[in-house]
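Engineer: This structure is in structure tokens; I'll ask about it shortly.
Protein chains in written order, with my numbering: chain A, 1 to 241; chain B, 1 to 193; chain C, 1 to 193.
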């Protein structure tokens with residue numbers, strides 16, 4: 001299964017992961033309302049169930065969830081923090097408690113509404129059109145009741161195309177594990193040893209990360225080994241003799 | 001009244017069209033004979049001259065209808081137009097019909113990016129819009145009514161406010177329809193695939 | 001049933017919205033007291049549990065509805081599902097709007113602790129809440145609609161129970177406070193920030 005099809009059941013959304021992503025990007029779902037921990041849990045559960053780690057999918061998932069987390073944290077941080085507004089723990093707790101009590105009340109009220117609605121489930125109302133003889137209302141009895149401005153503003157809102165999206169934060173991995181494996185195997189075939197820096201050239205960090213994954217895979221498969229003499233020093237890769 | 005008769009009564013109440021005994025039987029999951037028996041019981045309850053609603057057999061089906069005794073009161077009740085505040089969906093549908101008329105339901109849906117059945121139904125019911133023939137493709141077309149102009153205090157359709165005022169990028173007036181459709185498509189599809 | 005009761009029955013049958021006693025009296029050209037008397041007679045006829053149709057008092061008016069006994073058959077005949085249930089987020093937003101109306105979106109977010117855009121959007125789409133002007137600070141205010149009262153079987157907003165009824169008990173409150181203070185202390189002292 002690809003990550004795109006990962007089935008989610010969240011408070012604000014039910015469906016595959018990639019639809020969630022689309023809706024978030026189209027701003028039809030507010031990212032602030034998406035419980036990302038739940039998304040991660042769903043993924044972990046999926047891993048549990050699948051019984052094996054699909055590296056390709058894991059990479060994709062990590063990149064996407066990290067981007068979503070970053071985007072969400074930006075949304076959540078106040079634009080500019082005013083210094084000196086920090087509350088003492090006692091004060092903060094009091095305020096939080098007051099909020100929680102208020103929320104508790106409306107959560108209870110919400111439960112009550114649920115019950116009301118459930119009790120109403122069997123009742124249906126008639127919505128048949130009026131018999132033609134009665135359909136005409138008397139124009140004489142009609143008085144001005146609405147503002148024409150309402151129509152103009154309604155059509156104005158419809159005219160507004162959605163703003164172009166800023167996609168910088170969320171990006172589908174442009175590089176696949178398979179590609180990087182092929183790249184490394186190519187290098188190994190041509191040269192007995194090379195440095196990791198050479199292997200990645202000046203690619204972006206994502207490519208670097210996926211190349212490292214690929215290297216781990218090769219090591220696991222017994223195709224390559226590597227050494228690094230000092231921390232942060234150059235990594236030398238060579239074919240397993 | 002037994003449960004079946006009660007159920008049949010409820011079904012006739014909900015249906016805006018006459019319903020055949022066959023369809024009633026199917027909905028109630030009983031035989032047609034049982035439905036006919038239940039209808040006979042109902043008929044006793046709805047004997048003409050005793051109730052405000054009567055049971056009629058028309059066009060191969062059964063239906064409930066009001067007794068003529070209520071005609072005058074019904075006219076009085078319904079003659080005065082109802083003018084509860086418009087919901088956003090209703091205002092949008094009404095605006096589209098007002099500015100683009102005649103306009104078809106698929107076009108409305110395309111511009112709004114969502115189906116608009118119930119809003120259109122309410123506007124029809126309240127007499128703010130009405131049918132005005134069919135499009136080339138057979139879709140019902142809508143236009144605003146005289147009542148609409150009266151309720152909005154408009155001397156005519158050309159008295160509608162200029163939509164450009166609410167639009168950050170005013171363009172040629174004649175392009176309104178195309179621009180609405182384009183914006184609607186963008187809303188419906190989004191750039192990400 | 002007398003003529004007035006019959007007429008009232010017919011009016012309720014025709015009207016798609018609940019009708020107040022006042023409007024019924026006006027349509028029937030009688031006093032409100034007479035209409036209330038006629039409604040009492042009707043109520044006998046429509047006593048719950050005996051008929052397929054029941055008389056209900058919702059959204060400040062009277063209306064006829066089918067008895068739940070017919071729900072299964074109605075679904076089969078009309079193939080229309082019932083109103084979908086509310087999600088937790090939607091129910092919470094609706095509860096806050098119902099009790100505090102008119103209420104703004106920031107206020108909703110403050111009480112729930114999370115932004116509530118999509119829940120509010122759905123409630124607007126479903127016609128359960130509507131805009132009702134702007135606050136002093138320019139935020140859109142929301143209130144519940146007649147449809148809300150109708151779908152939730154409320155005779156009016158005052159039929160909602162006192163919200164204090166949902167407050168936690170003093171013990172629960174004490175426990176909450178203690179847990180919070182403990183967490184606050186840990187944050188103030190501990191190395192983790």
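Every residue, glycine too, gets a C-beta built ideally from N, C-alpha and C.
Please classify residue 123 (chain B): is it buried, with 16 or more other beta-carbons within 10 angstroms of its beta-carbon, or exposed?
Structural biologist: Per the 10 Å Cβ criterion, buried.
Engineer: May I ask you to list the residues that DSSP assigns as paired with residue 55 (chain B)?
Structural biologist: B:64
Engineer: Relative to the C-alpha of residue 12 (chain B), which residue among A:187, A:175 and A:124 is closest?
Structural biologist: A:124
Engineer: Does the segment 15 to 26 of chain C touch the segment 34 to 43 of chain C, meaning 3 or more C-beta pairs lie closer than 8 Å?
Structural biologist: yes
Engineer: 8 Å is my cut-off, CB to CB: does residue 87 (chain B) come that close to chain A?
Structural biologist: By this cut-off, residue 87 (chain B) is not an interface position.
Engineer: Would you call the CB atoms of residue 153 (chain C) and residue 120 (chain A) closer than 8 Å?
Structural biologist: yes
Engineer: Does residue 42 (chain B) get closer than 8 Å to chain A when you measure Cβ to Cβ?
Structural biologist: no
Engineer: To the nearest angstrom, how far is it from the Cα of residue 171 (chain C) to the Cα of residue 100 (chain A)?
Structural biologist: 15 Å
Engineer: Looking at C-beta atoms only, is the number of pairs between the segment 52 to 72 of chain C and the segment 135 to 152 of chain C that lie closer than 8 Å three or more?
Structural biologist: yes
Engineer: Which residue wins for smallest C-alpha separation from residue 161 (chain C), given the options A:147, A:199, A:10 and A:110?
Structural biologist: A:110
Engineer: Please tell me whether residue 142 (chain C) and residue 106 (chain C) are closer than 8 Å, where the distance is taken between their beta carbons.
Structural biologist: no
Engineer: Tell me the DSSP secondary structure of residue 97 (chain B) in three-state form.
Structural biologist: helix
Engineer: What are the partner residues of residue 16 (chain A), as DSSP defines its beta bridges?
Structural biologist: A:7
Engineer: Could you confirm whether any beta carbon from chain B is found closer than 8 Å to the beta carbon of residue 12 (chain A)?
Structural biologist: no
Engineer: Please specify which runs of the alpha helix (DSSP H), each continuous and at least 4 residues long, are wholly inside the segment 107 to 169 of chain A, giving them in chain order.
Structural biologist: 132 to 135 and 148 to 159
Engineer: Which chain C residues sit within Cβ distance under 8 Å of residue 50 (chain B)?
Structural biologist: 1 and 6
Engineer: Output, in chain order, the set of chain B residues within a Cβ distance shorter than 8 Å of residue 71 (chain A).
Structural biologist: Chain B residues near residue 71 (chain A): none, gap ~14 Å exceeds 8 Å.
Engineer: Relative to the C-alpha of residue 178 (chain C), which candidate in A:193, A:97, A:133 and A:233 has its C-alpha closest?
Structural biologist: A:97
Engineer: By a C-beta neighbour count over all protein chains shown, 10 Å radius and 16 as the cutoff for buried, is residue 222 (chain A) buried or exposed?
Structural biologist: exposed
Engineer: Cutting at 8 Å between CB atoms, please list the residues of its own chain near residue 235 (chain A), excluding the five before and the five after it.
Structural biologist: 195, 196, 197, 226, 227 and 228
Engineer: I'd like the ranges of any alpha helix (DSSP H) spanning at least 4 consecutive residues and lying wholly in the segment 9 to 37 of chain C.
Structural biologist: 21 to 28
Engineer: May I ask you to list the residues that DSSP assigns as paired with residue 226 (chain A)?
Structural biologist: Per DSSP, A:237.
Engineer: Taking 8 Å as the limit between beta carbons, can you name the residues of its chain near residue 15 (chain A), skipping five residues before and five after?
Structural biologist: 7 and 8
Engineer: Identify each residue in the segment 26 to 41 of chain C for which the Cβ-Cβ distance to at least one residue of chain B is less than 9 Å, and report them in chain order.
Structural biologist: Listed by position along the chain: 26, 27, 28 and 29.
Engineer: Can you find a C-beta in chain B that's less than 8 Å from the C-beta of residue 15 (chain A)?
Structural biologist: Judged by the 8 Å Cβ criterion, residue 15 (chain A) is not in contact with chain B.
Engineer: Closer than 7 Å by beta-carbon distance: list the chain B residues that pair up with residue 134 (chain A), in chain order.
Structural biologist: 74, 75 and 78
Engineer: For residue 112 (chain C), go through chain A and note every residue whose CB falls closer than 8 Å to its CB, in chain order.
Structural biologist: 103 and 106
Engineer: Mind checking whether residue 30 (chain A) and residue 118 (chain C) have CB atoms under 8 Å apart?
Structural biologist: yes
Engineer: Could you check if residue 130 (chain C) belongs to the surroundings of the ligand FMN, using beta carbon to heavy atom distance under 7 Å?
Structural biologist: The model on display carries no ligand, and the ligand FMN is accordingly not part of it.
Engineer: Check each candidate in A:157, A:117, A:62 and A:189 and name the one with the smallest Cα separation from residue 88 (chain C).
Structural biologist: A:117
Engineer: Can you pull the chain D neighbours of residue 81 (chain B), defined as C-beta to C-beta under 9 Å?
Structural biologist: Among the protein chains of the structure shown, namely A, B and C, there is no chain D.
Engineer: Go ahead and pull the three-state DSSP assignment for residue 111 (chain C).
Structural biologist: helix
Engineer: Can you give me, in chain order, the residues of the segment 210 to 233 of chain A that have a beta carbon less than 9 Å from any beta carbon in chain C?
Structural biologist: none
Engineer: Quick one: residues in its chain with C-beta nearer than 8 Å to the C-beta of residue 98 (chain B), no 5 flanking neighbours on either side, listed in chain order?
Structural biologist: 144, 148, 157 and 160
Engineer: Take residue 49 (chain A) and list the residues in its own chain whose beta-carbon comes closer than 8 Å to its own, dropping the five residues that flank it on each side.
Structural biologist: None.
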